[in-house]
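Respectively, the protein sequence lines represent chains A and B. The first sequence begins at 97 in this note's numbering and counts up one residue at a time. The second sequence begins at 36 in this note's numbering and counts up one residue at a time. By construction, the Cβ of each residue, glycine as well, lies at the ideal position given by its N, Cα and C atoms. Let me begin by presenting the structure, written as structure tokens, before commenting on it.
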Amino acid sequence: MFGVTVIGLENLRQVGRFIIIANHNSHLDICLLFSMLKIADISRTHAVADMAYFSSSRLLFNFVTFLFNTVWVNRGDTSRESDPLGQLKSLIDDGHNLIIFPEGTRGKPGELEHFRSGIGRLMAQYLEVPVVPVFLMGPERALPKKSVVPLPFWNTVIIGPPQVCRGSHREITQTLEHVLAELARSETARRHQRMPVREKAEEKTVTVAFLGIDGSGKSTISRMTAMELSESCRVCLISDRLELYKQGNLSDYQPLVTEKIREALSRYAKKAQSLKLYKIPKLAELLLRDYLRREVKRWYLADVIVLDGSPLLNMVAWAGLYREKPMDDETYSKAIAVLTGGEAAIGEHDPIYTQFPELTVMKRLKLTGMELPDAVAFIDVSPRLACSRIDARGEQKQVHETEEKLKNLRVGYNMVCDTIKRRYHVPMTVLNGEDTQEHIVSAALDFILSSLALGE
Amino acid sequence: MTYSWSSLTLLALCIALTIAVVSGRVMKRHASFDAYLRYTWIFFLSFTLAEFVSFPIGLWVLALLSFWALREYFSLIDIRIQDRLGILGAYLSIPFMTYFIQIDWYGMFIISIPVYAFLAIPLFITLAGGEARGTVFSVGAIDFGLFLFVYCLGHIGYLLLYSTWMAAMLILAVMLSDAAAGMVRTRLKPPIAQVLGTYCLSLPLTVPLSWLLSPWTGIPVNHALVLGALIPALVIMGRQTIDVIKEDLGIIDEELLPGRGQILDSMKSIFYTAPVVFHYIRYFLK
């Protein structure tokens, strides 16, 4: 009824006397172990058991003593006079073998409990007796802890090579525990496992946004920062393309539909001929970026998301570009509030809605669920330098990439960053875009790690 | 008592296999081949017992084989402690089904596992109490094992009831297809080539076999030819499925031992073949 497969029996047969240590998960363990012994050895092998557990019935007590030549140990007895190991030591002196379960009790099925110190103390005095580690797999299913009826299951007994102990008793216990754990691990590594239960992952994802006008180099800076950060954690970069970084390298990821749509939109937007035509596709692209950020949080479980331009803040700053007159801090703050869904603080007939009818539309379409990034780095460059960099790129210029418009944009960004720092307490830093790339990146990293060390 | 030629051939086959198995033990050939031979030998032992001694004895040997396979499967899958009652129910469904084969009650046999066992086992699992999470996965795993190792093997038992040589022919044809598959597996790499190669290599073996055996099995020639062409296809399908399941369960070919997938691996071709062949024969010939 119980099939048994024994692996490594020669390890047991090659030693004349031994002390078997095994993991203990079921009452069947001892039967299995005894069935592996040579007939001649049976009378000389003793199991070590706890007297208190088995003393409940006289019949059981005698039965177990008869079957397994049991040596009774009082587990709870810590008084000085009784030496629980005394009987064991005298048996070993006589040349008998022992079977010991170092966990001390039946553990949870499939898990190895911490070893008690008894085995170490015993072996410290008998360093020459080989210890044979045995791993049993199967009895914890056949007769688990609270069951009375055993069920047919295959039992696998894996006998490891005999160990010779050395060192202090603590070291011995530790070594033996490692040995048995290794044996267990090598056997259960391939075991069939159902889908692991997905715990509700805490929202540990941190978002870092790099702001800057076109030509400030934010794409490059954000990429380099992402690569640097990914040495220690999973980083996802959302810029013109979606990139996932692990250990400084680009890694494969499962494509998202949102990303494909966004790329198409962004290409379309870049080819716009006038500011008006650029507005709607760019707005849509920014919204999609935000949606993408949420999807990345959910599916990629990235630790850090680096944004090349925050959708929310870009939108707000760009609004300033589209209104010819400059905006003030109050307006920006209200716009951010609306876009992040906190418009309850603002009245329904606030002038901001007349200023920006788009906000009304977005509110009605329920597109106002955007989030502020957890940290913002603004890369500041002069518009002239930006323009020269854009020219150097050699691509077709987008409609807003003139020096004057870039100047307005820069002012807008500055004000936005100011607003979020003062009103929304988002950690913000201004990086000097005219510095070398390494300096900027290292400054950015310092800022990120310091400002987020509070949160992480 | 005079025995017919067919019965004597069966006995001779069984004896030949016995010799092969015993000599395998002594000579220690390739381990998985020895195991394969051993389980084929058990099949033929059961057929011979059914022919010469009595049908129920042969049938219950098959039930024992089912039990071993199911036990090995349950030892390999990840089940929870609270599924134990369901496992007990699964083991008990073997004699439940086998009894219906013995008394030739087809109606109950054919639904004993898919209806009654599949209804009872989730009930038993839920009766044990404990956490509900993971019940569906447990039920799925246990049911799948029941289906493959009990139900599909039970069809061989019913085939045995119809005629011993029908079952024997099935096993022989499966052996030939397995031999072809084994030869092809080491030589051809791309999957399409393997499938086609196995099929084309086993066709000239199984079709003549079933044609030649048709006087003994009682299957008319045309159906015998169709069966001969059908069996290799089913063997290929079965091997493909079970190979992937083996990988999921963590069974690797180099370390096959009973309890670690040896039984599963040795009988993998039969699980798909037996039910289809049985139903084919039942539909056309009964």
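Reducing DSSP to helix, strand and coil, say where residue i ends up.
i, result
"B/Leu211", "helix"
"A/Ala471", "strand"
"A/Pro229", "strand"
"A/Ala343", "With the sequence shown as reference, residue 343 of chain A is identified as Gln, and Ala is not the correct amino acid for it. Of the three classes helix, strand and coil, the one that applies to A/Gln343 here is coil, per DSSP."
"B/Ala167", "coil"
"A/Gln41", "The structure shown does not extend to residue 41 of chain A, since chain A is modelled only from 97 to 552, so the question has no answer here."
"B/Trp103", "helix"
"A/Ala305", "strand"
"A/Met524", "strand"
"A/Asn170", "coil"
"B/Thr133", "helix"
"A/Asp125", "helix"
"A/Ile554", "Not covered by the structure: residue 554 of chain A. The range shown for chain A is 97 to 552."
"B/Leu292", "coil"
"A/Thr201", "coil"
"A/Glu177", "In this prediction, A/Glu177 has a pLDDT of 49, which is less than 50 and means its spatial position is unreliable; what the coordinates show is noted afterwards. Looking at A/Glu177 - three-state DSSP - the assignment turns out to be coil, as it is neither helix nor strand."
"A/Leu239", "coil"
"A/Val537", "helix"
"A/Gly254", "Note that residue 254 of chain A corresponds to Ile in the displayed sequence, not to Gly. Of the three classes helix, strand and coil, the one that applies to A/Ile254 here is strand, per DSSP."
"B/Leu84", "helix"
"A/Leu505", "helix"
"B/Ile287", "coil"
"A/Gln289", "coil"
"A/Leu463", "coil"
"A/Gln350", "coil"
"A/Phe249", "coil"
"B/Thr221", "helix"
"A/Arg489", "helix"
"B/Arg119", "helix"
In terms of residues, what are the limits of the alpha helix (DSSP H) holding residue i?
i, result
"A/Asp161", "One detail in the question is off: residue 161 of chain A reads as Thr in this sequence, not Asp. Per DSSP, A/Thr161 belongs to the alpha helix (DSSP H) from Arg154 to Phe164."
"B/Trp40", "Trp40 to Met62"
"B/Val261", "Val256 to Leu284"
"A/Val353", "Val353 to Lys366"
"B/Gly189", "Leu188 to Tyr197"
"B/Phe159", "Phe153 to Leu162"
"A/Asp386", "Leu371 to Trp395"
"B/Trp251", "Ser249 to Thr252"
"A/Ser318", "Lys314 to Leu325"
"B/Pro310", "Ile305 to Leu320"
"B/Leu299", "Gln297 to Ser301"
"A/His265", "His265 to Thr284"
Exposed or buried, what is residue i when buried is set at 16 or more other beta-carbons lying within 10 Å of its beta-carbon?
i, result
"A/Ala145", "buried"
"B/Ile227", "exposed"
"A/Arg262", "exposed"
"B/Asp178", "buried"
"A/Asp189", "exposed"
"B/Tyr234", "buried"
"B/Ser237", "buried"
"B/Trp76", "buried"
"B/Phe79", "buried"
"A/Arg394", "exposed"
"B/His190", "buried"
"A/Lys378", "buried"
"A/Tyr149", "exposed"
"A/Ile401", "buried"
For residue i, report the span of its beta strand (DSSP E) as first-last.
i, result
"A/Thr141", "Thr141 to Asp146"
"A/Asp404", "Val400 to Asp404"
"A/Cys332", "Val331 to Ile334"
"A/Ile103", "Val100 to Ile103"
Using DSSP bridges, identify the partner residues of residue i.
i, result
"A/Ala118", "A/Val230"
"A/Gln259", "A/Val227"
"A/Asp476", "A/Asn528"
"A/Leu338", "A/Ile334"
On the premise that residue j lies in contact with residue i, defined as a C-beta separation below 8 Å, what is that separation, rounded to the nearest angstrom?
i, j, result
"B/Gln117", "B/Gly165", "3 Å"
"A/Thr269", "A/Ile196", "With a Cβ gap of about 12 Å, A/Thr269 and A/Ile196 do not count as contacting."
"A/Arg314", "A/Asp404", "According to the sequence shown, residue 314 of chain A is Lys rather than Arg. The pair is a contact, with the Cβ atoms about 6 Å apart (cut-off 8 Å)."
"A/Ile126", "A/Val227", "A/Ile126 to A/Val227, Cβ: 17 Å. No contact."
"A/Thr515", "A/Tyr428", "5 Å"
"B/Ser101", "B/Asp213", "Wrong, their Cβ atoms sit about 20 Å apart, outside the cutoff."
"A/Arg290", "B/Gly124", "That belief does not hold up - the Cβ atoms of A/Arg290 and B/Gly124 are roughly 20 Å apart, past 8 Å."
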